[in-house]
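K.L.:
According to the numbering used here, numbering within the sequence shown proceeds without interruption in unit steps and concludes at 1435.
We treat Cβ as the ideally placed atom computed from N, Cα and C, and that holds for glycine.
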Amino acid sequence: MNGLSTITTLCAIFALTACTAAQNSRAPQDQKPIYELAVRQVKPGKKFEFVRERSRFVQKLKEQEGVSNDREFQSFYALPQPDQREVFIGMTQYESKEVLERVQQELSSAFAPFAEQMDLKAYVFLRQTEGPALDLATLALQPGQVLEVGVRRVHEGRDKDFHAYRKAFVDKLGSYPGVLESYEFEVVAGMDAERLAVGMTVYENQEALQKLIPDILQQEVTKQYFETFEVIASQFAFSTTNIQATMVQEIAIRKVKAGQEEAFKAARSALIKKLKAQDGVEKDWEFQSFFTMPEPDDSDVYVGMTRYRSPEVVKNISEKLMQSPEAANFFATFDMKAFVLVQAEDGTAFKLEDVLAEGNVLEVAIRSPKAGTEEQFPALRKAFFDLIAQQEGYLFDKEFVDLQTNDKVVLIGWRSQADFQQALGALSTRPEMQAFFGILDVKAYQALTLSSND
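1. So the candidates are Leu1392, Leu1256, Phe1245 and Val1032; which of them puts its Cα closest to the Cα of alanine 1425?
2. Where lysine 1363 and methionine 1414 are concerned, what is the direct C-alpha to C-alpha distance, given to the nearest angstrom?
3. Classify alanine 972: buried if its beta carbon has 16 or more other beta carbons within 10 angstroms, exposed otherwise.
4. Should glutamate 1211 go down as buried or exposed, given a rule of 16 or more other Cβ atoms within 10 Å for buried?
5. So, for phenylalanine 1038: in the same chain, excluding its five sequence neighbours on each side, which residues have a beta-carbon less than 7 Å away from its beta-carbon?
6. Buried or exposed: which applies to threonine 1209, given that a residue is buried once 16 or more other Cβ atoms fall within 10 Å of its Cβ?
7. Report the residue ranges of all alpha helix (DSSP H) runs contained in full by the region 1381-1435; include only those spanning at least 4 residues, in chain order.
8. Return the first residue and the last residue of the beta strand (DSSP E) that leucine 1060 is part of.
9. Could you name the residues of the same chain whose beta carbon sits closer than 7 Å to that of alanine 1002, not counting the 5 residues immediately before and after it, in chain order?
10. Drop a sphere of 10 angstroms on the beta-carbon of lysine 1296, count the other beta-carbons inside from all chains shown, and report buried for 16 or more, exposed for fewer.
11. So asparagine 1310 and alanine 1248 are supposed to be a Cβ contact under 8 Å. How far apart are they, rounded?
12. Return the CA-CA distance between methionine 1303 and valine 1229, expressed in angstroms with no decimal places.
13. For the ligand GDP, is there a heavy atom less than 7 Å away from the beta-carbon of tyrosine 1206?
14. Have a look at glutamine 1187 and alanine 1145 and give me their C-alpha separation to the nearest angstrom.
15. Ends of the alpha helix (DSSP H) at phenylalanine 1365?
16. Between Ser1056, Pro1025, Val1080 and Lys1192, which has its C-alpha nearest glutamate 1044's C-alpha?
17. From glycine 1159 to serine 1299, what does the alpha carbon distance come to, in whole angstroms?
18. Would you mind giving the Cβ-Cβ distance between valine 1390 and isoleucine 1347, rounded to the nearest angstrom? I have them listed as a contact below 8 Å.
19. How many Å lie between arginine 1007 and tryptophan 1266 at the Cα?
20. Given that a residue counts as buried once 16 or more other Cβ atoms are within 10 Å of its Cβ, and exposed if not, what is glutamine 1385?
21. Return the bridge partner residues of proline 1094 from the DSSP annotation.
22. Evaluate valine 1032 with the Cβ neighbour count: other Cβ atoms within 10 Å of its Cβ, from every protein chain shown; 16 or more gives buried, anything less gives exposed.
23. Check whether the region 1013-1023 and the region 1066-1073 touch, using three or more Cβ-Cβ pairs below 8 Å as the test.
24. Could you tell me which residues DSSP pairs with serine 1349 in its beta bridges?
25. From Phe1418, Ser1163, Leu1421 and Ser1397, pick the residue whose C-alpha is nearest to that of threonine 1430; which is it?
26. Looking only at its own chain, which residues have a Cβ that is under 7 Å from the Cβ of alanine 1308, when we skip the five neighbours before and after it?
27. Suppose you measure from the CA of alanine 996 to the CA of aspartate 1116; what does that come to, to the nearest Å?
28. Leucine 1107 bridges to which residues according to DSSP?
29. If you draw a straight line from the alpha carbon of glycine 1359 to that of glycine 1171, how long is it in whole angstroms?
30. Return helix, strand or coil for alanine 1118, following the three-state DSSP convention.
31. Would you call the region 1112-1127 and the region 1044-1056 touching, i.e. three or more CB-CB distances under 8 Å?
32. What ranges does the beta strand (DSSP E) occupy inside the region 1061-1090, keeping only unbroken runs of at least 3 residues that lie completely in it?
33. What residue range is occupied by the uninterrupted beta strand (DSSP E) comprising phenylalanine 1320?
34. In the DSSP output, what is threonine 1182 paired with across the bridge?
35. Would you report the Cα separation of serine 1220 and leucine 1128, rounded to the nearest angstrom?
36. Please work out which residues of its chain come closer than 7 Å, Cβ to Cβ, to isoleucine 1316, disregarding the five sequence neighbours upstream and downstream, and give them in chain order.
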């Protein structure tokens, strides 16, 4: 079933279920928010497309009236056996069933490209029935917190036993140190939703979870409870918001000194080898510039990008490596055109390896609005980047903020140099580009292809 038919079918399922519920429930129940829960397996070889299409769809989703929260979690463990593919858990809050029906009708075609990149372990619509009032915006938001999501199908004829044992199990679970909150939901619609029930628990950290698992699995109430249902999805996940809240990316634009080309490469290799051995360095890339403006570079320009676990890691590594002979040798071979330490402006998780591959082109621009034009920036940027997104070969764009200067830094991905060149020609005469560039103070700009940092 393709993405469009899947969501259309689910809309019909929800509409039927919602109408039935409306006939059999009191008004206050209908006024409760609806939560969409999607447990998504990335299709083999489709991580790049999954991340790209998710970003595009969620951006449109957040613009809809009545959609108050959208959260994404990345699963790191599953029961009864580990997942063989990457799994992400999406949750969206709608003010009411009417809002959900309207949004799904409006966005069904926009959802299709995203749906094609995944297989669903579970896809349901929920109302909360037990636990403290759920605030989706802060659910498992603190660094290190773990969210457990359990989607269970109650065995036929065991509904009464399920609820009795579940309450006893949740009470027992809540007695362990590090268990923060538990929530229970009724499934009001969804994919293959017959006899489904959903529960969630938040743990203080992974260590607390690991400590309690051996003991609680031996409890009699656990065995009785688990005998009443089949596991559809049981995921343990971190909020991707937390990942981005701490990790930072360094971007260094280096112009090689005349006659230092070979010395630059050798010194870079020695320093990068030392850098990669440091704790907290998550990923490192090297790019070579093939284009800049307004004037071409008169010597080779390379751009290094390194992702670190946190700003503290950057500080510690800098203090350790900057005094090393490897750093001294490397810095003697180039002039620094620009250096920024950035985090994503929207606070979402971003990993360059998810959206960029060999042969692609990456643009990097460091800029800020000129004094007095700050209020014009959002609208002019949107008009120009809406055009960029329409060009053949466009992959993504992501806006960042430099933690040192507050400058705005953007990365734009293209499928190939040919696509980049064609888009550049098409956009250069557009009034939207002229208007946007007219308010910018551009500190640095390079168009890049992947190089080796060995």
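P.N.:
Reading it off the structure:
1. Leu1392
2. The alpha-carbon atoms of lysine 1363 and methionine 1414 are separated by roughly 11 Å.
3. Since the displayed the chain opens at 982 and closes at 1435, residue 972 lies outside it and no answer follows.
4. exposed
5. Cβ neighbours of phenylalanine 1038 beyond the five flanking positions: Ala1091, Phe1092 and Phe1095.
6. Flag for threonine 1209 reads buried.
7. 1398-1408 and 1412-1418
8. 1048-1060
9. Per-residue confidence for alanine 1002 stands at a pLDDT of 39, beneath the threshold of 50, marking its modelled position as unreliable; the derived number appears in the next sentence. If we look at alanine 1002 and ignore the five residues flanking it on each side, its Cβ neighbours are Val1169.
10. exposed
11. That belief holds up - the Cβ atoms of asparagine 1310 and alanine 1248 are roughly 4 Å apart, short of 8 Å.
12. 18 Å
13. For the structure depicted, the ligand GDP is absent and the ligand set is empty, with no information on it obtainable.
14. Straight-line Cα distance between these residues: approximately 28 Å.
15. 1358-1370
16. Val1080
17. If you draw a straight line from the Cα of glycine 1159 to the Cα of serine 1299, it is about 35 Å long.
18. 5 Å
19. Residue confidence for arginine 1007 is low, a pLDDT of 38 falling below 50, so the modelled location carries little weight; the figure read from the coordinates is stated next. Cα-Cα distance, rounded: 58 Å.
20. With fewer than 16 other Cβ atoms from the protein chains shown falling within 10 Å of its own Cβ, glutamine 1385 counts as exposed.
21. DSSP output for proline 1094 lists no bridge partner at all.
22. buried
23. yes
24. Note: serine 1349 is bridge-paired with Asp1422 in the DSSP secondary-structure output.
25. Nearest C-alpha to threonine 1430: Ser1397.
26. Leu1252 and Leu1302
27. Per-residue confidence for alanine 996 stands at a pLDDT of 44, beneath the threshold of 50, marking its modelled position as unreliable; no derived number is given.
28. Tyr1016 and Val1168
29. The residue asked about is misnamed: residue 1359 is proline in this sequence, not glycine. Their Cα atoms are separated by approximately 37 Å.
30. helix
31. yes
32. 1068-1075
33. Residues 1315-1325.
34. BP columns for threonine 1182 point to Glu1129 and Ser1163.
35. 8 Å
36. According to the sequence shown, residue 1316 is aspartate rather than isoleucine. Here the set comprises Lys1236 and Lys1238.
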